[in-house]
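Here the sequence shown is numbered in my numbering, starting from -14 and rising by one per residue.
Glycine is no exception: its CB is placed at the ideal position from the N, C-alpha and C atoms.
Being a predicted model, the structure only gives us computed values, none of them experimental.
Down below is the structure, laid out as structure tokens.
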Amino acid sequence: MTREGPEGLYVRRNLTPESASALSAWAKAQGFTNVVPDHEMHATIVYSRDPVWLRPKGGNLAASSGGRYVGSLGEKGAIVLHIVAPELEARWQEARQIGASWDHGDTYNPHVTVTYDAGQIDLSAVAPFDGDIVFGPEVHEPLNETWAEDKGFVKVEASALEVLPVIEAMALDLPHTPGHPNKHPFKGILTRIDLPSDTPPSGSRGHRVILTRAAAEKALPTLLGMAVNYTADLAGHDVKRKIGTITAATIEGDAIHIEGFLYAADFPDEVARVQSERSLLGFSYEMRNIYVKDVNAVSWEITDCIFTGAAILYKDKAAYSTTSLAAQAEEKTMDTKELMELIKAQGEAQEKALKDALETGFASVNKRIDGIEAASAEDKKKAEEDKAATELALKASADKEAGDKLMKELQDKVAAQETVIKDMQAAAAKKVDEPARKTFTPAITHLLARSGLSLPESGKTLSLGEVDKMLAASSLDPVQKMELKSALSKLGALAA
């Protein structure tokens, strides 16, 4: 929604990203420093101290190519590019007719502010920008007379700084309890401010969002005491699964940093996983009572909100991929090279463990074969002795038929024993020859499940094309994909 009231009304049109980028490059080429960021470049249409209502207009519009020049404007030292834009002037006239006030008499000169720092540049010698100047939809917001100061574009005297409200950090007053079994410290970047999100967050109707500095400073205290939650797949929010608490919040540069603790005793498995995968994780904020300047804008600018918590999730699932999490006293992150070295070391350790297991298995099987052979030799010797004794007895016996029958039984017994020995030897040899199937570490098994791949049947392999296709459709990041392919290759499940 858009809020307007007794604060007055301010209406502007921001330059499109393409026009802003080109204008910024031109300004820097002219020698200007402290150039206004691309996403802040705009043309003011209404600057009314009186509260009026004007229906926002969408769509893009372009300025004329002629009539441009560079000059200074106002007491704050703004360096602006004056332009000719009849549609902007007509809109200004419309606002004046419904009662909007204007601080500059009865004239309107559309312009785009480039910087508030002219330096030693001779403005009369600057060739004006001659590229396309295209504006996006209107942005309506309450009038803010200190907008440039709030953004840090205008230098403020030291005496003035003493009376300006500055929020640097806030924290809950909690006792220090080192070694507490249910408090595992964490810290990290919750979100960026004054920068568009990398992807549209949930609930934004497909719009990327920009959390303004003013909104962030106002909402910072609402973070304290809020919960941190977690989902099993580390891909979203679950406000009913709270595993920690935020105890401190700080604005540093363009980022909101938070600290707190996770409930390590209550959620040992979850905290252990967060600890082991911390370099891949980040935060995603949760908020209510949100106010947006213009719901029709490409990117929604949040001007007011209340934080209600945060979720721990994979960075590629967060609206800002540059959030971070360190679930320990000091953050330890790994770059790609270090990660690949770790993967290699894990693979070598896994191969050694498998080799040791196979050698132990071979020794066990060989020992069993030796036992079988010893037992069979003993049985064979006993059978031969029985046979010899029987033959002696038969010589003294008049009952030839009974002797033949006994001889036949003994011969059958010897043959059966030899068959059993051969079968056992063959089975043992087969067990030795069977290759042991390698297994995955729990981390690799987790990546395999997230990728959607299934291990092939014994003796079969997956094609490289099939694996690449499945990984491309998965949510795994490049390092995780490389790690999984390496593990499949070591397993022998990936076709050469």
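Hey, how far is the Cα of P36 from the Cα of E(-8)? Taking the sequence shown and counting its residues from 1, one reaches residue 36 at position 51. Taking the sequence shown and counting its residues from 1, one reaches residue -8 at position 7. Approximately 7 Å, taken between the alpha carbons.
Residue ranges of each alpha helix (DSSP H) within the segment 204 to 291, 4 or longer: 253 to 261
For the segment 444 to 452 and the segment 277 to 284, state whether three or more C-beta atom pairs, one from each stretch, are separated by less than 8 Å. no
Residues in its own chain within less than 7 Å of E323 by CB, not counting five upstream and five downstream? Stepping through the sequence shown from its first residue, residue 323 is reached at position 338. Below a pLDDT of 50, predicted positions are generally treated as unreliable, and E323, at 49, falls in that range; the measurement from the model is reported next regardless. Result list for E323: empty, nothing under 7 Å.
Tell me where the beta strand (DSSP E) around H169 begins and ends. As a working mapping, residue 169 is identified with position 184 in the sequence shown. Residues H169 to R177.
For the candidate residues A199, A110 and R190, whose alpha-carbon lies nearest to that of N129? For the purposes of this step, residue 129 is taken as residue 144 along the sequence shown, with counting starting at 1. Answer by Cα proximity: A199.
At the level of alpha carbons, what is the spacing between V259 and P166? The residue labelled residue 259 in the question sits at position 274 within the sequence shown. The residue labelled residue 166 in the question sits at position 181 within the sequence shown. One C-alpha to the other measures close to 16 Å.
Restricting to Cα atoms, I'd like to know which of P127, A48, E79 and A12 is closest to A103. In the sequence shown, residue 103 corresponds to position 118, counting from 1. Cα-wise, what sits closest to A103 is A12.
Among G210, I64, A458 and S189, nearest to Q105 - alpha-carbon criterion: As a working mapping, residue 105 is identified with position 120 in the sequence shown. It is I64 whose Cα lies nearest to the Cα of Q105.
By the three-class DSSP mapping on this structure, what secondary structure does E123 have? Here residue 123 corresponds to residue number 138 of the sequence shown, with the count starting at 1. Three-state result, E123: strand.
Three-state secondary structure (DSSP) of V21: Your numbering for residue 21 matches position 36 in the sequence shown. Looking at V21 - three-state DSSP - the assignment turns out to be coil, as it is neither helix nor strand.
Counted within 10 angstroms of its Cβ, other Cβ atoms place H169 as buried (16 or more) or exposed: Position 184 of the sequence shown, counting from 1, holds the residue named residue 169. Buried, because 16 or more other Cβ atoms sit within 10 Å of the Cβ of H169.
Span of the beta strand (DSSP E), counted from its first residue to its last, around L447: Sequence index remark: in the sequence shown, residue 447 carries index 462 (1-based). Looking at the DSSP string, L447 is not in any beta strand (DSSP E), and its letter there is neither H nor E.
Just verifying my parser: in three-state terms, what is the DSSP assignment at S459? Along the sequence shown, one-based indexing puts residue 459 at 474. In this structure, S459 counts as coil in the three-state DSSP scheme.
What would DSSP say about R435, mapped onto helix, strand or coil? The sequence position of residue 435 within the sequence shown is 450, counting from 1. In this structure, R435 counts as helix in the three-state DSSP scheme.
Given this structure, state the Cα-to-Cα distance separating E142 from L266, to the nearest angstrom. Here residue 142 refers to the residue found at position 157 when the sequence shown is read from its first residue. Here residue 266 refers to the residue found at position 281 when the sequence shown is read from its first residue. Confidence at E142 is low in this model, with a pLDDT of 39, below 50, so its placement is unreliable and the value that follows should be read with caution. Going from the Cα of E142 to the Cα of L266 covers about 41 Å.
Between L58 and T184, what straight-line distance do the alpha-carbon atoms span, to the nearest angstrom? Looking up residue 58 in the sequence shown gives position 73. Looking up residue 184 in the sequence shown gives position 199. Going by the C-alpha atoms only, they are around 37 Å apart.
May I ask you to report which of helix, strand or coil DSSP gives L66? Counting from one through the sequence shown, the residue named residue 66 turns up at place 81. Reduced to three states, the DSSP call for L66 is strand.
Endpoints, the alpha helix (DSSP H) within which A14 is located: Mapped onto the sequence shown, residue 14 falls at position 29. P2 to A14 is the span of the alpha helix (DSSP H), which, as asked, contains A14.
I need the straight-line Cα distance from P163 to F246, nearest angstrom please. Against the sequence shown, residue 163 aligns to sequence position 178. Against the sequence shown, residue 246 aligns to sequence position 261. Cα to Cα, P163 sits roughly 12 Å from F246.
With a threshold of 8 Å on Cβ separation, who are the neighbours of N94 within its own chain once the five nearest residues in sequence on each side are excluded? As a position in the sequence shown, residue 94 is number 109, starting the count at 1. Here the set comprises H67.
Please classify N(-1) as buried or exposed, where buried requires at least 16 neighbouring CB atoms within 10 angstroms. Counting from one through the sequence shown, the residue named residue -1 turns up at place 14. Burial call: buried.
Which term fits H125, buried or exposed, when burial requires 16 or more other beta carbons within 10 angstroms of its beta carbon? Along the sequence shown, one-based indexing puts residue 125 at 140. Burial call: buried.
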